[in-house]
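Scroll down for the structure; my scribbles are underneath it.
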Amino acid sequence: QVQLVESGGGLVQPGGSLRLSCAASGMIFSMYTMGWYRQAPGKQRELVAAINNSGITNYADSVKGRFTISRDNAKSTVYLQMNGLKPEDTAAYYCNGRLRRLDYWGQGTQVTVSS
């Protein structure tokens, strides 16, 4: 079955950096649009960044210039490099894989930005 496993979350000070990874299995990874979403307590889940199977990316306005999404199809892994982290980036971050009607989610990894 399809599995998406996130890693790389943690506690970081404001201005710091983290790199999230999402390893996929059970799917033809290269065909999927992969995305990172986040959900803070009491808020709706929101798209952070996505990358399609052609490598085209899009970002939420709030993270443009600070976050970078990338993918390694040979490793079936998508990454989210997060620089210049702010307290408002604190959330659970979820990996998503989407192909037509297929829609898969990881279990999430917590990112906390605090001094």
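Numbering-wise (my numbering), the sequence shown opens with residue 17 and increments by one. Virtual Cβ for every residue (Gly too), placed ideally from N, Cα, C.
> Is the stretch 69–89 close to the stretch 17–30, with three or more CB pairs under 8 Å?
Replying inline: no
> Going along the chain, which residues of its own chain have a beta-carbon closer than 8 Å to the beta-carbon of S33, five neighbours each way excluded?
Replying inline: Q97, M98, N99, G100 and L101
>> Can you check which of these residues, Y110, T106, N68 and P57, is closest to S78 by C-alpha distance?
In response: T106
> Helix or strand or just coil, what does DSSP make of D88?
Replying inline: strand
>> Considering only their Cβ atoms, is the gap separating G51 from R114 smaller than 8 Å?
In response: yes
>> Could you tell me which whole alpha helix (DSSP H) segments of length 4 or greater appear in the stretch 30–118?
In response: none
> Okay, do the stretch 40–56 and the stretch 66–74 touch, 3+ Cβ pairs below 8 Å being the bar?
Replying inline: yes
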